[in-house]
Each structure stands twice: as C-alpha cells, then as structure tokens.
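In my numbering, the protein residues as written are 6 to 195.
All residues carry an ideal CB built from backbone N, CA and C; glycine is no exception.
What follows is one structure encoded as structure tokens, with my remarks underneath.
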Amino acid sequence: MTEVDVGVRQNMPYFKIGIFLLPPSGVLPLHNHPQMTVFSKLLFGTMHIKAYDWVDDVTSSSTPKADSSEREGHEKGTISVRLAKLKVNSEFTAPCNTSILYPTDGGNMHCFTASTSCAVLDVLGPPYCDPEGRHCQYYRTHPFANFSAEDKQLPDDEKITEYAWLEEIDKPAGLSVVGALYNGPKIVEK
C-alpha cells in the first residue's frame, strides 16, 4: 500500500493553526468547519460561545409561520433552513479546558462573542479547502417556532428553546479575518 492508495501525499497540509484576537464585544459570527475536527483553546480573556449541531433527519417547509423581524432583508416566501440543536451556550474564562469540535458533534456551528479582550487558538484538521468541499459557511438563526418540522416530531420532553433553524448566509459585511504565516522558531520532529 502506498500514500496514493489512501489519498495522502507528502506535501499535503494535515492541519492549520490560527489565533483569533477579539476586542471586547468583538464577534466571530456563527460559522462552521465542515468535515473538520477543531481543537480550540481560550488563551486569555472571557468569551461567550454559542454552538449548534445539525439534527440530521429534519427538514422544514422553509416557509415562515409569520413575518418577523428575523426576516429583515428577505423577500416574502421560502428560505432554506436546516434544524440544529443547541450544544453550548456558556461563558468561558481562561484558563479553561480545550474544546473539541468534530465534523458532526461538539458544536461544529458556533459563534464567539468576546466579553473582554481575548484570544483563541484553533488547530483545524484538515484545513479549509474549497475544492474539497471544506469552505466556511455563515449562518443566521431563526427561532424554532418560526418554521414547522416536516419529517420528525421532537420528543415532548425536549425544550424547544434548545433548537433553532439555521439559514446559510453570505459572509457578513465588515467581517475581516487576516491571515499571516508563522515566522517563529522552526518546528521539527524529534
């Protein structure tokens, strides 16, 4: 067996590391990491994290039950939404445990809101890659009550507030993520 047989090559990037610096009240909007595993570590500061996982076998009529302020900027009619369950809705202060986001579990769609100046170290594997279907998507949330679920009834004991409909949107205007190459000491295998 060779590297070609398993779809890897020597120069293939297996992961990417990023550090996100947010000022007080700074927001990294609701986004995802498709087909990726992400290790996140809050390095300093305090931030609120709200994260969702998809509910796989539920679709929507995609027609809002009623017009609402959530629908600003939309024409009347249908929009494409998908049901997600709230996984995390908490404030974290460094030092705290590292979180792990898996492709389908752990809060893969998430939003960071800085309570104080803060920094988050992310290790993404494999990294974003548009040709391979791993591109960042952004979402707008809609309350569960705004749409009806066609394929599945939620269990009676579930809290409706733990669910939201997510609508894919364009990258939010004004969002700027600036990348830079690592220029520190060389990382070598031992």
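| said: Checking 8 Å against the spacing of the C-beta atoms, do Gly50 and Ser122 come in under that value? | reply: Their beta carbons are under 8 Å apart, which means Gly50 touches Ser122 by this criterion.
| field | Candidates Lys195, His53, Ala119: closest to Asn94 by CA position | value | His53
| said: Using C-beta distances below 7 Å, list every residue in its chain close to Tyr133, excluding the 5 sequence neighbours before and after it, in chain order. | reply: Arg139, His140, Cys141
| query | Residues in its own chain within less than 6 Å of Leu126 by CB, not counting five upstream and five downstream? | reply | Answer for Leu126: Ile24, Lys46, Leu48, listed in chain order.
| request: Specify, as a first and last residue, the run of the beta strand (DSSP E) that Ser104 falls within. | output: 104-106
| request: Report yes if the CB atom of His147 is closer than 8 Å to the CB atom of Leu35, and no otherwise. | output: no
| task | From the DSSP output, in three-state form, read off Ala99 for me. | result | coil
| request: Given a cut-off of 8 Å, decide if Val43 and Lys90 are closer than it, judged by their beta-carbon atoms. | output: no
| query | Rounded C-beta distance between Tyr19 and Leu171? I'm assuming under 8 Å. | reply | Tyr19 to Leu171, Cβ: 29 Å. No contact.
| Rounded straight-line distance, which links the Cα of Lys55 to that of Gly112 | 8 Å
| request: With DSSP as the reference, please indicate the residues paired to Cys116 in a beta bridge. | output: Lys55
| Just the Cα atoms here: how many angstroms apart are Ile165 and Lys191? | 50 Å
| query | Going by the beta-carbon positions, is the gap between Glu194 and Ser85 smaller than 8 Å? | reply | no
| request: For my contact list, Leu26 and Phe117 are in at a C-beta cut-off of 8 Å; report their separation, rounded to the angstrom. | output: Wrong, their Cβ atoms sit about 11 Å apart, outside the cutoff.
| query | Given a threshold of 16 other Cβ atoms within 10 Å of its Cβ, counted over all protein chains shown, does Ser73 qualify as buried or as exposed? | reply | Low per-residue confidence applies at Ser73: pLDDT is 48, beneath 50, and the placement is therefore not dependable, though the value from the model is reported in the following sentence. Exposed.
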